[in-house]
Amino acid sequence: MAKKPKIYITGDTHGSIDIDKLSSLRWPEGKKLTKSDCLIIAGDFGLVFAPDGSRTEEFWLNWLEQRPWTTLFIDGNHENFPRLYSYPEEERFGGAVGVIRPSVLHLKTRGHVYEVSGKKIWCFGGAESIDKADRQEGRSWWPEEEPTDEQMQYGLSQIERHGCEFDFIVTHDCPARVLRQCWSSFGMHNSPAKIRPGRAGQYLERIAGLVRARYWYFGHYHTDLSVEIDSQRYRALYRDVVRVV
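All you need for this note's numbering is the position in the sequence shown, starting with 1, plus 37.
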C-alpha cells in the first residue's frame, strides 16, 4: 500500500537566517520524506528578497530544491513582492503557485483554499512590518505586504464557498484575539489594552469568527506556542517544524 503524503509546517525562514531548522541535524525527519511530501512555510520566506538576487539566495534556493520534500510557502511581510510576482505561474494544489524552483512553490493567492495531500487549507499571507520606518521602500520594504480590499473579499468568498470548514488554516499574521491573549509571549511590552493589530490582523479577527479548522498555524511573531480560544486551536511557529498529516 502506498504511503499517504505527509504535511509539515514551520514558521519564518528569513532567507538564510533561520533556514538551519530544516537541516538534517535539526530536523532529521526531513531525510525520510519524498517529493510527494510537503513542507509549508508560514510566511517571511525571504529567499527572493535582494532587489537583483544574490549568490546566497541562489545557493539556498538550490539547496531547498535538492531536499527530498516539496517546499510550499505563503508570503509574509519581509518579502520582495515585485520579484515574487515575476516568477512563472502554474496551477498546482488547486490554485495559482509561483514556481521559484520545480519543487519550491509560492502559494501566491491570498485567501485561496489550496488542497495539499487531500487536505483543505485556507491560506492568507502578509502582515504589517513594524520596522518599516527603518527600511527603504522598494529595496527592503514593499507596500504589497498588507492585504488589499480585493484580496480580503476574495478570501471571504472562498470561505463561503467551502462552508467555513477547513482542515487547516495557514496565515502569516494572526487574529487580534490571539495577539491580545499572547501579547507577552510575542515580546510585546506595552499593555494588552494598547495593542492595535494591523490591517491583516483585523481582517483575520473577522475570519476567526467565521471559520473552524483542526488547527490554525501562523508565523510572524518569532515564537513557538499553542493556545485555544473559543474552541479554536492556534499555533505560532518559528523554530518548530511540526507534522500535521
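C-beta: ideal position from N, C-alpha, C; glycine also.
Quick one: is residue i buried, meaning 16 or more other Cβ sit within 10 Å of its Cβ, or exposed?
i           : result
residue 200 : exposed
residue 170 : exposed
residue 101 : buried
residue 246 : exposed
residue 71  : exposed
residue 119 : exposed
residue 46  : buried
residue 283 : Outside the displayed span of the chain (38 to 282) sits residue 283, for which this structure offers no information.
residue 158 : buried
residue 76  : buried
residue 44  : buried
residue 204 : buried
residue 50  : buried
residue 275 : buried
residue 121 : buried
residue 283 : Limits of the chain in this structure are 38 at one end and 282 at the other, which puts residue 283 out of reach.
residue 84  : buried
residue 62  : exposed
Give the single residue among the options whose Cα lies nearest to the Cα of residue i.
i           : options               : result
residue 109 : 160, 64 and 53        : 160
residue 234 : 165, 197 and 49       : 165
residue 104 : 91, 120, 74 and 241   : 74
residue 130 : 280, 150 and 162      : 150
residue 208 : 220, 112 and 275      : 112
residue 189 : 59, 237 and 123       : 237
residue 251 : 128, 275, 41 and 282  : 282
residue 145 : 157, 76 and 123       : 123
residue 202 : 221, 269 and 99       : 269
residue 271 : 240, 216, 221 and 239 : 216
residue 262 : 220, 60 and 240       : 220
residue 198 : 248, 92, 278 and 142  : 248
residue 140 : 162, 92, 99 and 173   : 99
residue 196 : 93, 244 and 44        : 244
residue 48  : 210, 264, 239 and 266 : 210
residue 239 : 163, 95, 265 and 267  : 163
residue 42  : 60, 61, 69 and 59     : 69
residue 218 : 173, 265 and 174      : 265
residue 153 : 62, 128 and 174       : 128
My understanding is that residue i touches residue j, with C-beta atoms under 8 angstroms, so please give their C-beta distance in whole angstroms.
i           : j           : result
residue 67  : residue 106 : 6 angstroms
residue 242 : residue 273 : Not quite, the Cβ-Cβ distance comes to about 16 angstroms (not below 8 angstroms), so this is no contact.
residue 182 : residue 114 : 4 angstroms
residue 185 : residue 223 : Residue 185 to residue 223, Cβ: 25 angstroms. No contact.
residue 191 : residue 148 : 5 angstroms
residue 279 : residue 64  : 10 angstroms between Cβ atoms; not a contact.
Could you check if residue i belongs to the surroundings of the ligand MN, using beta carbon to heavy atom distance under 7 angstroms?
i           : result
residue 177 : What this structure holds is no ligand at all, so the ligand MN is not there to describe.
Unbroken stretches of the beta strand (DSSP E), 3 residues or longer, contained in the region 136-219: 141-144, 150-153, 156-161 and 202-208
Three CB pairs or more closer than 8 angstroms across the region 251-261 and the region 64-83: yes
Sufficient close CB pairs (3 or more, under 8 angstroms) joining the region 174-194 to the region 133-141: no
Any 3 or more C-beta pairs closer than 8 angstroms across the region 85-96 and the region 55-62: no
Runs of beta strand (DSSP E) lying entirely within the region 245-280, each at least 3 residues, in chain order: 249-255, 262-266, 269-273 and 278-280
Runs of alpha helix (DSSP H) wholly within the region 64-129 (minimum 4 residues, chain order): 92-103 and 118-121
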